[in-house]
Amino acid sequence: KGKIIFDGDVDEAIELYMRKENVRNEWTEGQTECDYMDTSARSPYGRGGARIHYLRLPDKEAALYDTGETIRFQVLVHTHQAFSNLRLRIEVLCGDDVPVGAIPNMSLGELEANRDYEFDVAFDPIGLTAGHYRIDLVLFDMDEFGTVYDQDLILPAFRIEVMETADINWNATNWGHIRFPDARVDIL
Numbered sequence: 044k045g046k047i048i049f050d051g052d053v054d055e056a057i058e059l060y061m062r063k064e065n066v067r068n069e070w071t072e073g074q075t076e077c078d079y080m081d082t083s084a085r086s087p088y089g090r091g092g093a094r095i096h097y098l099r100l101p102d103k104e105a106a107l108y109d110t111g112e113t114i115r116f117q118v119l120v121h122t123h124q125a126f127s128n129l130r131l132r133i134e135v136l137c138g139d140d141v142p143v144g145a146i147p148n149m150s151l152g153e154l155e156a157n158r159d160y161e162f163d164v165a166f167d168p169i170g171l172t173a174g175h176y177r178i179d180l181v182l183f184d185m186d187e188f189g190t191v192y193d194q195d196l197i198l199p200a201f202r203i204e205v206m207e208t209a210d211i212n213w214n215a216t217n218w219g220h221i222r223f224p225d226a227r228v229d230i231l
């Protein structure tokens, strides 16, 4: 085992610890909307040319989904600069922060500077099994060589719980977090 050495005073250590705790608790269990104007969930590594200001899960009283149910959210983005093609990456992680999958490159189109844009996003979680999941959102742009420039990262943007509706109690520890479609079986 290693150890971490913190170089700073007690107040700085407490502030750092509380910031880490706030990131985990920014989106509370079951919540369906969040204002990100001033949030500790925002990564300091984004360039800031565009920012996510607000997110909500429409038509949901709680962030609960059945297995296979489409995940839909609306997000308000403010641009500080113009983009020829701003993009969105959706990253899905299970409750213990292990990556499950991503939608790496969704085009939001050409956007003008200093404007607010609202987007309605829906994606099929391809059979996520019962459990708690974290959804991270990253706004980015890309140059002609495919180099990515992250503009804003909300980690996590929101959390959901997926409930198993099938006839089996899913064992994610042994079987994973994705349920594939049923296989075809023929007798020979």
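Anchor point for the sequence shown: position 131 equals 174 in this note's numbering, and the numbering is continuous, going up by one each time. Even glycine gets a Cβ: it sits at the ideal position worked out from N, Cα and C.
Helix, strand or coil: how does DSSP classify residue i here?
{"i": "Thr200", "result": "Residue identity differs from the one stated: residue 200 is Ala in this sequence, not Thr. Three-state result, Ala200: strand."}
{"i": "Ala93", "result": "strand"}
{"i": "Val228", "result": "coil"}
Please work out which residues of its chain come closer than 8 Å, Cβ to Cβ, to residue i, disregarding the five sequence neighbours upstream and downstream, and give them in chain order.
{"i": "Thr75", "result": "Arg99, Leu100, Lys103, Glu104, Ala105, Ala106"}
Tell me residue i's beta-bridge partners as DSSP assigns them.
{"i": "Met206", "result": "Asp109"}
{"i": "Arg85", "result": "Ile197"}
{"i": "Val191", "result": "Met185"}
{"i": "Asp78", "result": "Tyr97"}
{"i": "Ile221", "result": "Leu171"}
By Cβ distance below 6 Å, which residues in the same chain neighbour residue i in space, the five residues on each side in sequence not counted?
{"i": "Asn65", "result": "In this prediction, Asn65 scores a pLDDT of 44, lower than 50, which makes its location untrustworthy; the coordinate-derived value is nonetheless stated afterwards. Excluding sequence neighbours, Asn65 sits near Ser83."}
{"i": "Ala213", "result": "At residue 213 the sequence reads Trp, which differs from the Ala that was named. Around Trp213: Thr172, Ala173, Glu207."}
{"i": "Met185", "result": "Val191"}
{"i": "His175", "result": "Gly138, Glu204"}
{"i": "Asn148", "result": "Arg130"}
{"i": "Gln124", "result": "Gly92, Ala156"}
{"i": "His121", "result": "Arg94, His96, Asp159"}
{"i": "Pro168", "result": "Ile114"}
{"i": "Arg222", "result": "Gly170, Thr172"}
{"i": "Asp163", "result": "Gln117"}
Can you give me the Cβ contacts of residue i inside the same chain, cut-off strictly under 7 Å, excluding the 5 residues immediately before and after it?
{"i": "His220", "result": "Cys137, Val143, Leu171, Thr172, Gly174"}
{"i": "Asp193", "result": "Tyr88, Gly89, Arg90, Val181, Phe183"}
Open item on the list: Runs of 3 residues minimum, wholly inside the stretch 100 to 184: which ones carry the beta strand (DSSP E) assignment?
Closed with: 107 to 109, 114 to 122, 126 to 137, 142 to 154, 158 to 166
Open item on the list: Check whether the stretch 151 to 162 and the stretch 203 to 216 are in contact - that is, three or more C-beta pairs closer than 8 Å.
Closed with: no
TODO: Count the C-beta pairs between the stretch 89 to 96 and the stretch 139 to 146 that are closer than 8 Å, then say yes if the count reaches three, no if not.
DONE: no
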